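S.K.: After the structure tokens below, expect a handful of questions from me.
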Amino acid sequence: PYSIKDMMNLKIESAKKKGKPLPHWEDEKAFLRDPGVNPVVAWPMLLYDCCPISDGGACMLLVGEEIAKNFTDDPLYVIGIGQGSGKGLHAAKDLTTMEATKNAADEAYGMSGLKPSDIQFSEVHDCFSIAELIHIEDLGFFKPGEGYKAVAEGLTKRDGPMPINTSGGLKCKGHPVGATGIGQLFEVWKQLRGEAGDRQVPKKDLRIGAAHNLGGTGGTCTFTIFERR
Numbered sequence: 675p676y677s678i679k680d681m682m683n684l685k686i687e688s689a690k691k692k693g694k695p696l697p698h699w700e701d702e703k704a705f706l707r708d709p710g711v712n713p714v715v716a717w718p719m720l721l722y723d724c725c726p727i728s729d730g731g732a733c734m735l736l737v738g739e740e741i742a743k744n745f746t747d748d749p750l751y752v753i754g755i756g757q758g759s760g761k762g763l764h765a766a767k768d769l770t771t772m773e774a775t776k777n778a779a780d781e782a783y784g785m786s787g788l789k790p791s792d793i794q795f796s797e798v799h800d801c802f803s804i805a806e807l808i809h810i811e812d813l814g815f816f817k818p819g820e821g822y823k824a825v826a827e828g829l830t831k832r833d834g835p836m837p838i839n840t841s842g843g844l845k846c847k848g849h850p851v852g853a854t855g856i857g858q859l860f861e862v863w864k865q866l867r868g869e870a871g872d873r874q875v876p877k878k879d880l881r882i883g884a885a886h887n888l889g890g891t892g893g894t895c896t897f898t899i900f901e902r903r
């Protein structure tokens, strides 16, 4: 039972996570409620529920452990990765879940031997506000129908028990499509190394992070789990 208020709250929290400079959030709330600048795109989605398609680039070096030692003495390890497929939203019977996300998550959790509760923070593909709410449930971080409550209660904040989208997410940092997935992994890399600056998760002993990326209208998905040893 997600409401417009729930999605506005998520948008504001996502923007806060992006880091300084921060606007005055009461002004921001008023801005989001102004139909003149935040019109309906496809009810109930408003303009600022939709991520901006943007320019951008990202890269990473993915090599075996022995080769990695030639470049760094502090690599991150890919301990779980899953690729899932499923029906896109145009063919789905249930619009509150995405089969591909669940399949990718099951594969990554199985490979790593971890449970959702073992993940300390995660980037998720929030192309729209509602997408983040769906994905944090499908990935097992929160029970079905409880995602919006988690956001409202501050559980997904940077200093909450399960930080989500410390980068600000696609709605705040942009969605450069082909670079988005690696960009999410880069954020996980920075967090695990303690190099995220104003966005840094304050948890001590940050070791396990994950990134979730989606393709099409939900027909394909990847979920990657990183560990710093």
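Under my numbering, the residues of the sequence shown are numbered 675 to 903, in order. All C-beta atoms, glycine included, are put in the ideal place defined by N, C-alpha and C. Every value quoted in this text rests on a predicted model; they were computed, and no experiment measured them.
Give me the Cβ distance between F795 and T840, rounded to the nearest whole Å; I'm assuming they're in contact under 8 Å.
M.R.: The residue you call residue 795 lines up with position 121 of the sequence shown. The residue you call residue 840 lines up with position 166 of the sequence shown. Right, the Cβ-Cβ distance comes to about 6 Å (below 8 Å), so this counts as a contact.
S.K.: Specify whether the segment 777-794 and the segment 746-762 touch according to this definition: at least 3 beta carbon pairs, one from each stretch, less than 8 Å apart.
M.R.: The answer is yes - the segment 746-762 touches the segment 777-794, with three or more Cβ pairs under 8 Å.
S.K.: Answer yes or no: do V825 and E806 have a C-beta to C-beta separation smaller than 9 Å?
M.R.: The count along the sequence shown starts at 1 and reaches residue 825 at position 151. The count along the sequence shown starts at 1 and reaches residue 806 at position 132. Result yes, Cβ atoms of V825 and E806 sit closer than 9 Å.
S.K.: For A870, which residues from the same chain have a beta carbon less than 6 Å from its beta carbon, with the 5 sequence-adjacent residues on both sides left out?
M.R.: As a position in the sequence shown, residue 870 is number 196, starting the count at 1. Closer than 6 Å at Cβ, skipping near neighbours: K864.
S.K.: Alpha carbon to alpha carbon, how far is D680 from L708? Give it in angstroms, no decimals.
M.R.: What you label residue 708 is simply residue 34 of the sequence shown in a count that begins at 1. What you label residue 680 is simply residue 6 of the sequence shown in a count that begins at 1. Note that residue 708 corresponds to Asp in the displayed sequence, not to Leu. If you take the alpha carbons of D708 and D680, they lie about 16 Å apart.
S.K.: Name the two residues that bound the continuous beta strand (DSSP E) containing E797.
M.R.: Taking the sequence shown and counting its residues from 1, the one referred to as residue 797 is at position 123. From DSSP, the beta strand (DSSP E) with E797 extends over F795 to E797.
S.K.: Check for me: the beta strand (DSSP E) holding F900 runs from which residue to which?
M.R.: On the sequence shown, residue 900 is found 226 positions in, with the first residue counted as 1. Note, F900: beta strand (DSSP E), T894 to R902.
S.K.: What would DSSP say about L696, mapped onto helix, strand or coil?
M.R.: For the purposes of this step, residue 696 is taken as the residue at position 22 of the sequence shown. Note that L696 scores a pLDDT of 45, beneath 50, so its modelled location is shaky and nothing firm can be said.
S.K.: Under 9 Å between the Cβ atoms of R873 and R832?
M.R.: Translated into the one-based positions of the sequence shown, residue 873 becomes position 199. Translated into the one-based positions of the sequence shown, residue 832 becomes position 158. Yes, these two residues count as a Cβ contact at 9 Å.
S.K.: Applying the 10 Å Cβ sphere with the 16-neighbour rule, what's the burial state of M734?
M.R.: On the sequence shown, residue 734 is found 60 positions in, with the first residue counted as 1. Under this definition M734 is an exposed residue.
S.K.: Extract the residue ranges of the alpha helix (DSSP H) inside the segment 822-890, only unbroken runs of 4 or more that lie entirely within it.
M.R.: Fully enclosed alpha helix (DSSP H) runs of 4 or longer: 844-847 and 854-866.
S.K.: Keeping to the same chain, check which residues put their C-beta closer than 6 Å to that of A885; ignore five residues upstream and five downstream.
M.R.: Within the sequence shown, numbered from 1, the residue matching residue 885 stands at position 211. Excluding positions up to five away in sequence, the list reads E797, Q858, L859, V862 and T898.
S.K.: If you check the beta carbons only, do S759 and N777 fall under 9 Å apart?
M.R.: Stepping through the sequence shown from its first residue, residue 759 is reached at position 85. Stepping through the sequence shown from its first residue, residue 777 is reached at position 103. A contact, by the Cβ cut-off of 9 Å.
S.K.: Taking 9 Å as the cut-off, decide whether the C-beta atoms of L763 and I793 are in contact.
M.R.: For the purposes of this step, residue 763 is taken as residue 89 along the sequence shown, with counting starting at 1. For the purposes of this step, residue 793 is taken as residue 119 along the sequence shown, with counting starting at 1. No, Cβ-Cβ distance for L763 and I793 is not below 9 Å.
S.K.: Are K877 and P837 closer than 9 Å when you measure CB to CB?
M.R.: As a working mapping, residue 877 is identified with position 203 in the sequence shown. As a working mapping, residue 837 is identified with position 163 in the sequence shown. Yes, Cβ-Cβ distance for K877 and P837 is below 9 Å.
S.K.: Tell me I755's beta-bridge partners as DSSP assigns them.
M.R.: Numbered from 1 along the sequence shown, position 81 holds the residue referred to as residue 755. Partner(s): T898.
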